[in-house]
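Per my numbering, residue 2 is the first one in the sequence shown, and the count goes up by one each step.
Every residue, glycine too, gets a C-beta built ideally from N, C-alpha and C.
None of the values given here were measured: they were computed from a predicted structure.
Step one of this worksheet: look at the structure below.
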Amino acid sequence: MPVLHNRVSNEELKQRMLAETEPRTTISFYCYFPIGEPQAFRDELYTALERLKVFGRIYVAHEGINAQVSVPQSRFAALRDHLYSIPALDGLRLNVAVDDDGKSFWVLRIKVKEKIVADGINDPEFDMANRGKYIDAERFNDIIDDPNTIVVDMRNHYEYEVGHFEKAIEVPSDTFREQLPMAAGMLDQDKDKTIVMYCTGGIRCEKASAYMLHKGFSNVYHLEGGIIHYANQIREKGLPSKFHGKNFVFDNRLGERITDEVIAHCHQCGKPADTHTNCINDTCHLLFIQCAECSEKYEQCCSKNCQEFIHLPSEVQAARRKGIEKGHNIFHKSKRLRPRLSDPDHTL
Ligand SMILES: [Zn+2]
Ligand SMILES: [Zn+2]
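As structure tokens, this is what we get:
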């Protein structure tokens with residue numbers, strides 16, 4: 002019986018990766034297609050990819066696959082050939098991360114999940130095979146100008162805030178599973194219009210497009226490869242950008258600038274700014290937008306409270322930290338209306 006998971010310590014594996022001399026290529030891909038036996042599919046994939054020294058994380062579900070992996074450069078072609086040998090994945094676009102050092106992963110994890118994107122859909126009639134039509138950057142630029150078109154941003158609020166497409170409407174919910182019924186409800190009167198959906202890499206809007214068709218919309222498109230692929234296409238083809246600002250991504254840069262426009266504001270002083278940061282107080286860790294001056298003034302904290310906290314003696318901090326679950330806070334819509342710290346009557 003082959004070993005289908007790692008038995009070496011995490012730290013050891015990381016050291017091994019760092020000791021590698023061959024550069025790695027980081028790629029991401031996803032595909033919605035029916036997988037009858039996700040566990041068997043997973044085990045076969047694990048065996049094949051481990052042989053190619055692939056690292057990363059992959060989710061497999063009945064509805065498809067979602068992967069972010071790194072592969073030694075010399076084995077990229079072999080990885081592609083293996084994936085393309087799976088009929089549903091033949092010819093699939095593999096997105097190569099441009100400025101990535103390939104050092105984000107040091108172990109291969111392939112997990113069987115209920116869904117590759119959690120959607121909260123329980124309706125057995127819902128069918129991912131019936132989804133919207135792909136649209137490329139060039140056609141997207143045309144269709145967006147049509148007055149009969151409604152452009153829908155299927156990302157989270159904090160992503161929309163720093164950059165989005167012209168005319169795009171936001172679906173104001175903090176989770177994708179809430180956004181789906183909300184989007185259908187918001188556009189209930191527009192079932193005959195052209196609906197164009199987009200997200201960061203395409204995986205969310207592809208599902209959203211299927212949901213809209215399921216809800217009786219007739220003309221639904223989704224941006225192929227999302228904003229990431231759109232940005233590459235406009236650069237390659239010299240097309241004008243209908244996207245303004247920054248594309249938020251969860252990597253160390255917390256965003257890739259698409260145009261020079263700064264469309265968001267510092268959450269502390271209100272000045273134009275679009276740099277996301279995590280509050281440096283690790284019991285808070287709030288994700289918010291902060292300008293360079295406020296970053297200095299508040300020492301990378303989201304509030305005076307957090308700033309005071311980080312200056313407490315470490316024993317006091319540790320004592321207070323007890324019982325606080327270390328959460329990953331994001332700047333939820335509900336918190337946006339929080340008074341600014343510069344307001345004179347604001348008390349913390
Ligand atoms: Zn500021
Ligand atoms: Zn904070």
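Which value, in whole angstroms, describes the spacing of the CA atoms of residue i and residue j?
i, j, result
"M18", "L90", "28 Å"
"Q16", "A185", "48 Å"
"V152", "R8", "48 Å"
"E51", "K112", "14 Å"
"L181", "V317", "44 Å"
"M213", "Y199", "13 Å"
"F56", "F106", "6 Å"
"Y31", "A274", "32 Å"
"A49", "H83", "8 Å"
"G328", "Q269", "Its pLDDT being 49, under 50, G328 is placed unreliably in this model, and the value from its coordinates should be taken loosely. Between G328 and Q269, the C-alpha separation is close to 22 Å."
"H223", "H215", "15 Å"
"C307", "E294", "17 Å"
"D147", "M183", "24 Å"
"V72", "E45", "18 Å"
"G37", "I66", "12 Å"
"L95", "E64", "19 Å"
"T27", "T284", "31 Å"
In three-state DSSP terms, what is residue i?
i, result
"C307", "helix"
"M155", "coil"
"E1", "No answer is possible for residue 1: it lies beyond the span of the chain, which begins at 2 and ends at 349."
"I257", "Residue 257 is actually Glu in this sequence, not Ile. DSSP places E257 in strand when its eight states are reduced to three."
"F244", "strand"
"K112", "strand"
"K15", "helix"
"P39", "helix"
"E46", "This sequence places Leu at residue 46; Glu is not what is there. Here L46 sits in helix by DSSP."
"N96", "strand"
"H312", "coil"
"P273", "strand"
"C266", "Inspection of the sequence shows that residue 266 is occupied by His rather than by Cys. It is a strand residue."
"S10", "coil"
"A20", "helix"
"E300", "coil"
"E126", "coil"
"L53", "coil"
"A293", "helix"
Quick one: is the Cβ of residue i within less than 7 Å of any heavy atom of ligand 1?
i, result
"Q291", "yes"
"K305", "no"
"A274", "yes"
"C267", "yes"
Is it the case that the CB of residue i approaches a heavy atom of ligand 2 more closely than 7 Å?
i, result
"L313", "no"
"C270", "no"
"C295", "no"
"L287", "yes"
"N131", "no"
"C206", "no"
"C280", "yes"
"C302", "yes"
Based on DSSP bridge pairs, tell me the residues matched to residue i.
i, result
"Q69", "S29, R58"
"M198", "V153, H223"
"R236", "Bridge partners of R236: none, in fact."
"G164", "G246"
"Y135", "H223"
"N279", "L288"
Checking 8 Å against the spacing of the C-beta atoms, do residue i and residue j come in under that value?
i, j, result
"G246", "H165", "yes"
"G226", "C206", "no"
"V118", "I204", "yes"
"A265", "V172", "no"
"V61", "G133", "no"
"R58", "Q69", "yes"
"I281", "C267", "no"
"G202", "I235", "no"
"V217", "K194", "Strictly speaking, residue 217 in this sequence is Gly, with Val absent from that position. Not in contact: G217 and K194 (Cβ atoms no closer than 8 Å)."
"L240", "N142", "yes"
"M1", "Y33", "Here the chain has residues from 2 to 349 only, and residue 1 is not among them."
"A79", "L53", "yes"
"L362", "V108", "The shown model of the chain, from 2 to 349, leaves out residue 362, and the question about it has no answer."
"F249", "E160", "yes"
"F177", "D124", "no"
Of all Cβ atoms in chain C, is any one closer than 8 Å to the Cβ of residue i?
i, result
"A41", "Any reference to chain C falls outside this structure, which holds one protein chain only."
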